[in-house]
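This report concerns only the one structure given below.
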Amino acid sequence: MTTPAGRRESVIAKIRLGLGANDSAARRAEVAERLARPTAQLVPERAKQPADERRRQLRTYLEGQSATFIEVENADDVPTAVGRYLRSANLPLRVRVGDDPYLSKLAWQSEPALERRNGRAHGDDEVGLSRAAAAVAETGTLVMASGADNPVTLNYLPETHIVVVEEGSLVGGYEEAWERIRARFGRRAMPRTVNFVSGPSRTADIGGQLVMGAHGPRRLCVILVRS
Amino acid sequence: MSAITSPLFKDNARAALADRQLQRALSEVPLGLAARRGAARAGLPEFEALREIGRDIKNHTLAHLDLYLEEFERKATAAGSTVHFAPTAEDARQIIADICRSAGARVVTKGKSMISEEIGLNACLEAAGVEVAETDLGEYLIQLRGETPSHIIAPAIHLTQDQVEADFRRLHTGLAADRQLVEPSQLVAEARQILRSRFLAADVGITGANFLIAETGSSVIVTNEGNGDLTQSLPKVHIVLASIEKMVPTLEDVSTLVRLLARSATGQEISTYTTFSTGPRRAGDPDGPQACHVVILDNGRSELLGTEFREVLRCIRCGACMNHCPVYTAIGGHAYGWVYPGPIGSVLTPALIGVRKAGHLPNASTFCGRCEEVCPMKIPLPGLMRHWREEEFAAGGTPLTYRLGLAVWAAAAKRPRLYHALVRILMPVLATLGRRAGVFRRLPVARGWTRHRDFAAPQGRTFQAQWAEHKAGVPR
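In the order they appear, the protein sequences are chains Y and S. Counting from 0, one number per residue, gives the positions in the first sequence under numbering that gives the first Met the number 0. Counting from 0, one number per residue, gives the positions in the second sequence under numbering that gives the first Met the number 0.
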């Protein structure tokens with residue numbers, strides 16, 4: 000029983016014994032059906048709002064969680080918004096960013112002082128810049144998909160995280176976000192990590208008092224691009 | 000496994016009630032969590048309907064658990080993970096120690112995992128010469144003190160800020176002695192700085208799992224600190240430690256449970272970070288672990304599937320039952336004597352370590368029913384505690400005096416005429432004796448009761464006598 004296969008058989012057999020079940024075709028079919036056609040169950044009303052309301056929800060929930068929320072008219076305004084935010088927060092004009100083509104093609108020439116370093120984050124990076132795969136209005140949640148375009152360490156190592164959200168990727172509820180992930184990565188497939196981020200890092204473990212910046216970013220800045 | 004003091008529950012509880020530091024720590028936090036849960040529930044009109052759906056998702060999954068585990072294994076393996084099954088705690092410790100050994104691990108970081116407490120993982124790794132760094136701030140605080148968690152989501156809930164400051168000054172010896180540690184933010188900043196160095200030094204990162212998803216072979220963790228993410232993203236090896244009942248079928252199913260979890264736990268709409276991890280880093284990824292292992296622990300859970308205790312396997316470990324429990328909020332978590340405190344512990348602990356050792360726990364309940372009322376998975380906790388009381392009685396675990404008392408009472412209660420005759424004699428006697436004070440401060444056969452509270456004196460006549468008069472039309 001000490002072999003991996005033996006341990007596996009032992010666990011599965013004990014479960015079948017406990018359930019009084021076998022691996023009948025009917026049971027298998029039920030499981031296969033549920034996995035082949037994942038179905039949204041009860042989606043709350045607040046996750047089914049029109050675009051204007053979704054924008055308001057995203058802002059309200061994120062600000063309620065101590066994030067900074069900036070709205071810009073179009074993609075060309077993003078570099079200026081990034082520069083302005085960094086200056087206002089007294090941060091260096093230097094960001095770590097992945098290979099995301101959307102972010103690479105922005106009009107960075109409008110912020111010549113802003114230095115962009117490419118790649119994953121390291122311990123000494125102060126600001127990370129990423130693009131969200133989706134954003135969810137129902138709780139003000141950013142959906143980050145890891146890869147060379149948006150390395151996962153950008154979300155957690157730097158003290159400040161700036162995330163660009165295109166309005167077209169703002170959805171009502173979690174289920175819609177999963178449809179976006181499936182459309183991009185395939186059915187029953189995921190990138191190495193999908194991170195739901197709903198504010199800066201925090202803890203209430205000392206005396207029950209809320210403190211920002213436990214291990215991850217102390218500051219989260221979300222830039223919503225209207226078109 | 001951590002040392003079991005559940006058989007000493009009564010002594011533990013007495014000591015906890017007399018511990019002024021503990022009482023100060025308990026005076027606010029659990030009640031604050033309960034209040035915030037109430038507000039979050041009020042903010043989502045569909046909350047009660049979601050509880051029913053959540054319960055159904057878990058019931059369906061448990062009924063097909065063997066098949067979903069096989070599917071999970073298939074998908075996780077396809078994504079590059081190695082899936083290990085561990086029938087016992089010993090198996091899990093051995094599997095994880097082996098992975099750490101072959102990775103040449105000197106430093107291991109850990110996200111919060113109750114199962115790692117259940118299997119006593121830290122002691123095992125430390126014995127193998129590995130430095131283990133707990134990274135959840137609460138877990139770090141109790142690791143410094145050599146303690147165990149006293150709450151499943153707020154492990155250091157029993158500590159006051161002053162105690163944390165004293166520990167930091169005592170143990171963080173490399174720092175200036177005159178540094179300011181007045182504000183919680185200063186304490187958090189110091190812990191952040193120290194743990195950051197551990198994150199960057201770690202060879203292996205171990206996290207628990209709130210859910211395993213059969214559809215994609217993913218594991219899910221939920222944190223507010225982001226510690227679980229640094230734990231799994233920076234080292235070259237990520238180990239997920241999960242128990243069999245964490246399984247859910249699809250991303251849609253997990254979405255429903257996510258809507259329930261944080262609201263029930265901390266009253267947040269959603270926790271700050273919910274992370275779905277699938278396998279090691281992909282070709283072209285610049286970061287993430289190079290290897291990923293998922294260790295799936297049984298440790299006695301499969302034996303519950305064929306019993307009335309199957310329902311406890313729906314638990315998503317939100318902690319709402321303990322935040323709302325009059326017993327937990329009075330004595331804290333350590334008095335329960337093992338890993339899982341509060342009402343969920345009173346049901347789960349006898350199942351995992353035996354009712355002989357944990358028989359006190361299902362008795363430590365007023366059966367007020369609030370735990371069941373707030374449980375997002377609608378686990379009938381009081382009913383299951385009653386089952387344990389019956390099993391304990393049947394197994395002869397109940398003390399002799401208690402059994403004798405019950406036997407005497409039962410002998411009378413099963414004979415209504417005898418019972419009424421006895422009560423008719425006893426009531427006026429007690430009423431006369433207690434007339435002046437209205438209460439008894441001391442009663443010879445009920446010292447267990449009167450030591451902590453007064454016993455109200457009867458008013459003179461029995462309910463049966465009054466009811467008979469009422470029916471006969473005698474005005475009161």
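Heads up, the beta-carbon is just placed ideally off N, CA and C, and yes, glycines get one too.
#### Entry: In DSSP terms, what Glu-114(Y) is bridged to
When DSSP reads this structure, Glu-114(Y) sits in a beta bridge with Arg-93(Y).
### Task
With DSSP as the reference, please indicate the residues paired to Phe-84(S) in a beta bridge.
BP columns for Phe-84(S) point to Ile-295(S).
### Query
For Leu-421(S), is the classification buried or exposed, using 16 other Cβ atoms within 10 angstroms of its Cβ as the cut-off for buried?
With fewer than 16 other beta carbons inside 10 angstroms of its own, Leu-421(S) counts as exposed.
### Query
Do Leu-296(S) and Met-246(S) come within 7 angstroms of each other at the CB atom, strictly closer than that value?
Note that the C-beta distance between Met-246(S) and Leu-296(S) is not below 7 angstroms.
#### Entry: Within 7 angstroms, strictly: CB atoms of Leu-201(S) and Thr-108(S)
Leu is not the amino acid found at residue 201(S); the sequence shown has Ala there. In contact: Ala-201(S) and Thr-108(S) (Cβ atoms closer than 7 angstroms).
### Message
Quick check for students: name the residue ranges of the alpha helix (DSSP H) that lie wholly in the stretch 220-262 of chain S, counting only runs of 4 or more.
### Response
As for any alpha helix (DSSP H) of minimum length 4 sitting wholly inside the stretch 220-262 of chain S, the runs are 226-232, ordered along the chain.
### Message
Suppose you measure from the CA of Val-219(S) to the CA of His-237(S); what does that come to, to the nearest Å?
### Response
In a straight line, the C-alpha of Val-219(S) is about 13 angstroms away from that of His-237(S).
### Task
Rounded to whole angstroms, what's the CA-CA distance from Ser-145(Y) to Val-162(Y)? Just pull it up for me.
Straight-line Cα distance between these residues: approximately 13 angstroms.
### Query
For Cys-367(S), is the classification buried or exposed, using 16 other Cβ atoms within 10 angstroms of its Cβ as the cut-off for buried?
For Cys-367(S), the number of other beta carbons within 10 angstroms of its own is below 16, and it is reported as exposed.
#### Entry: Three-state secondary structure (DSSP) of Tyr-155(Y)
If DSSP states are grouped into helix, strand and coil, Tyr-155(Y) belongs with coil.
### Task
Answer with buried or exposed for Thr-134(S), where buried requires no fewer than 16 other C-beta atoms within 10 angstroms of its C-beta.
By the C-beta density criterion, Thr-134(S) is buried, having at least 16 other C-beta atoms within 10 angstroms.
### Message
Strictly under 7 angstroms for the Cβ-Cβ distance: is Arg-183(Y) near chain S by that measure?
### Response
Output row for Arg-183(Y): interface = no.
### Partners in chain B for Gly-146(Y), counting only beta-carbon separations shorter than 8 angstroms
Absent from the structure: chain B. Protein chains present are Y and S.
### Query
Skipping 5 residues on each side, what residues in its chain have a beta carbon closer than 6 angstroms to that of Asn-73(Y)?
Here Asn-73(Y) has Ser-226 as same chain residues with Cβ atoms under 6 angstroms from its own Cβ, once five neighbours each way along the sequence are excluded.
### Query
On the three-state DSSP scale, how would you describe Leu-209(Y)?
Three-state result, Leu-209(Y): coil.
### Task
Report back the beta-carbon spacing between Leu-18(Y) and Ala-213(S) to the nearest angstrom; my notes put them in contact at under 8 angstroms.
Leu-18(Y) to Ala-213(S), Cβ: 16 angstroms. No contact.
### Query
Using the beta-carbon of each residue, which ones in chain S are nearer than 8 angstroms to Asn-47(Y)?
The amino acid occupying residue 47(Y) in the given sequence is Lys; Asn does not appear at that position. Chain S residues near Lys-47(Y): none, gap ~11 angstroms exceeds 8 angstroms.
### Message
Could you tell me the alpha carbon to alpha carbon distance between Phe-71(S) and Asp-65(S), rounded to whole angstroms?
### Response
Phe-71(S) and Asp-65(S) have their C-alpha atoms spaced approximately 10 angstroms apart.
### Query
Are Leu-169(Y) and Arg-83(Y) touching if we call contact CB-CB under 7 angstroms?
Taking C-beta atoms as the reference points, Leu-169(Y) and Arg-83(Y) fail to come closer than 7 angstroms.
### Task
Report buried or exposed for Leu-41(Y), applying the criterion of at least 16 other Cβ atoms within 10 angstroms of its Cβ.
Counting Cβ neighbours within 10 Å, Leu-41(Y) comes out exposed, since fewer than 16 surround it.
### Query
Run through DSSP, which three-state label would Tyr-339(S) get?
Three-state result, Tyr-339(S): coil.
#### Entry: Rounded straight-line distance, which links the Cα of Tyr-67(S) to that of Glu-32(Y)
A straight line joining the alpha-carbon of Glu-32(Y) with that of Tyr-67(S) spans about 12 angstroms.
### Message
So, for Ala-78(S): in the same chain, excluding its five sequence neighbours on each side, which residues have a beta-carbon less than 6 angstroms away from its beta-carbon?
### Response
Excluding sequence neighbours, Ala-78(S) sits near Gly-216, Thr-277 and Gly-278.
### Message
Just to confirm my understanding: we take Asp-99(Y), look at its own chain, exclude 5 residues before and 5 after, and list those with CB closer than 8 angstroms. What are they?
### Response
Cβ neighbours of Asp-99(Y) beyond the five flanking positions: Ser-129, Arg-130, Asp-148 and Asn-149.
#### Entry: Closer than 7 angstroms to chain S by CB, Phe-195(Y)
Look at Phe-195(Y): its C-beta is under 7 angstroms from a C-beta on chain S.
### Query
Would you call the stretch 325-342 of chain S and the stretch 404-413 of chain S in contact, with 3 or more CB pairs under 8 angstroms?
By the criterion of at least three beta-carbon pairs nearer than 8 angstroms, the stretch 325-342 of chain S is not in contact with the stretch 404-413 of chain S.
### Message
Distance check for His-157(S) and Gly-31(S), CA to CA, integer angstroms please.
### Response
Taking the Cα positions, Gly-31(S) is about 14 angstroms away from His-157(S).
### Query
Residues in the stretch 72-96 of chain S with C-beta within 7 angstroms of chain Y's C-beta atoms, listed in sequence order?
Residues of the stretch 72-96 of chain S whose Cβ lies closer than 7 angstroms to any Cβ of chain Y, in chain order: Lys-74, His-83, Phe-84, Ala-85, Pro-86 and Asp-90.
### Query
Taking just the CA atoms, how far does Val-196(Y) sit from Arg-480(S)?
The requested residue 480(S) does not occur in the structure, where chain S is confined to residues 0 to 475.
### Task
On the DSSP bridge assignment, give the partners of Asn-209(S) in chain order.
In DSSP, Asn-209(S) forms no bridge with anything.
### Query
Counting only beta-carbon atoms, is Thr-271(S) nearer than 7 angstroms to chain Y?
Chain Y contact via Cβ: present.
### Query
Among Thr-255(S), Pro-361(S), Gly-287(S) and Ala-436(S), which has the Cα closest to the Cα of Pro-234(S)?
Residue Gly-287(S) is the option with its Cα nearest to Pro-234(S).
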